[in-house]
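If you use the numbering used here, the sequence shown corresponds to residues 249 to 542, in order. What follows is one structure encoded as structure tokens, with my remarks underneath.
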Amino acid sequence: MTDPALRKPIKKAVFPVAGLGTRFLPATKAIPKEMLPIIDRPLIQYAVDEAREAGIEQLIFVTGRGKTAIVEHFDTAYELEATMSERDKSLDVLEPTRIQPGNLVTVRQQVPLGLGHAIWCARAIVGDEPFAIFLPDELMIGAPGCMKQMVEAYNQVGGNLISVLEVPEEEVSSYGVIAPGRRDGALTEVLGLVEKPKREDAPSNLIISGRYILQPEVMRVLENQGIGAGGEVQLTDAMSQMIGQQPFHAVTFAGKRYDCGNKTGFVEATLAVALERPDMRDEVRAIALRLLGV
Ligand code: G1P
Numbered sequence: 249m250t251d252p253a254l255r256k257p258i259k260k261a262v263f264p265v266a267g268l269g270t271r272f273l274p275a276t277k278a279i280p281k282e283m284l285p286i287i288d289r290p291l292i293q294y295a296v297d298e299a300r301e302a303g304i305e306q307l308i309f310v311t312g313r314g315k316t317a318i319v320e321h322f323d324t325a326y327e328l329e330a331t332m333s334e335r336d337k338s339l340d341v342l343e344p345t346r347i348q349p350g351n352l353v354t355v356r357q358q359v360p361l362g363l364g365h366a367i368w369c370a371r372a373i374v375g376d377e378p379f380a381i382f383l384p385d386e387l388m389i390g391a392p393g394c395m396k397q398m399v400e401a402y403n404q405v406g407g408n409l410i411s412v413l414e415v416p417e418e419e420v421s422s423y424g425v426i427a428p429g430r431r432d433g434a435l436t437e438v439l440g441l442v443e444k445p446k447r448e449d450a451p452s453n454l455i456i457s458g459r460y461i462l463q464p465e466v467m468r469v470l471e472n473q474g475i476g477a478g479g480e481v482q483l484t485d486a487m488s489q490m491i492g493q494q495p496f497h498a499v500t501f502a503g504k505r506y507d508c509g510n511k512t513g514f515v516e517a518t519l520a521v522a523l524e525r526p527d528m529r530d531e532v533r534a535i536a537l538r539l540l541g542v
């Protein structure tokens, strides 16, 4: 049996959103990359919806300069709402942007020292509780959503969990990679973790896909975590030190994942989401076929 202290409910989530988004310049010169929309919802909204579906209450954004639009997005827009109400327009469309007062917190990452450092910046707000992490670039579409699937697994095994998926071998060096142990359905024991290994050194082709449930002890490890791959403080390195100390599992997500951190992934996500939406799929399908000359 897992220690009950390692099974406390997950009520907080950290969203590292301080990145500069240079791959999408000039689009991201004046707006955060997390505000780029897939159809009519910004990327960050998909991650927040996934978090709330999983029962997460408090959202902790680790932000930086030029990121205020994200906080505005999750605030009340008084003039907009008053004008829409006067015109008898439904406000339902704004419902996903409403966060309970007190449940949105921001902290700043003043220097770009990497993902591990970004998470560590949230330590005082996370406190002594397990917490989730969402990398909003990774768009996870599923029913139930990825985090909900992970919380269900967490309720069984406790400890630390990461979502993983298989990628072609030539892609492993762009990600964190796991050394897998025993597998039981969607759950795989994690025996080791390595950030951005060379293809020949990768322990598998199972990569970390941007969703985590971690125990608060990771903050203490991050405190002393040295510089890793790419000259940055890597979350993966801190997590690898927790293996053996606490249960550590990977969950293979049953659903679709789109890497919106690059342009073609973003286009793929836009098309895929459009083709799933009952309000637009037929028209978009006809357009896509016409453009392809099919
Ligand atoms: C980060 C993590 C990596 C993970 C990836 C998922 O890398 O460090 O372990 O596999 O996100 O997208 P980054 O994309 O910030 O280089």
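Glycine included, each C-beta is placed from N, C-alpha and C at the ideal position.
Taking the Cα of Asp288 as reference, the smallest distance to any Cα among Ala522, Pro526, Arg533 is reached at Ala522. Taking 7 angstroms as the cut-off, one finds no heavy atom of ligand 1 near enough to the beta carbon of Asp323.
Excluding sequence positions up to five before and after Phe496, its CB lies within less than 7 angstroms of the CB of Gly407, Asn408, Val438, Met490, all in the same chain and listed in chain order.
Distances from the alpha-carbon of Pro344 to those of Glu334, Glu298, His365, Gln358 put Glu298 closest.
Tyr460 carries a strand assignment under DSSP once its states are collapsed to helix, strand and coil.
If you draw a straight line from the Cα of Val265 to the Cα of Thr311, it comes to about 5 angstroms.
Distance check between Tyr423 and each of Leu383, Val399, Leu435 places Leu383 closest, using alpha-carbon atoms only. As the crow flies, the alpha-carbon of Met467 is around 12 angstroms from that of Val481. Tyr506 sits in a strand when the DSSP states are folded into three classes. In chain order, Leu387 place their CB closer than 6 angstroms to the CB of Tyr294, counting only its own chain and leaving out the 5 sequence neighbours on each side. Per the DSSP secondary-structure output, Pro384 pairs with nothing in a beta bridge. Assignment of Phe514 by DSSP, reduced to helix, strand and coil, places it in the helix class. Residue range 408-414 is occupied by the beta strand (DSSP E) that includes Asn408.
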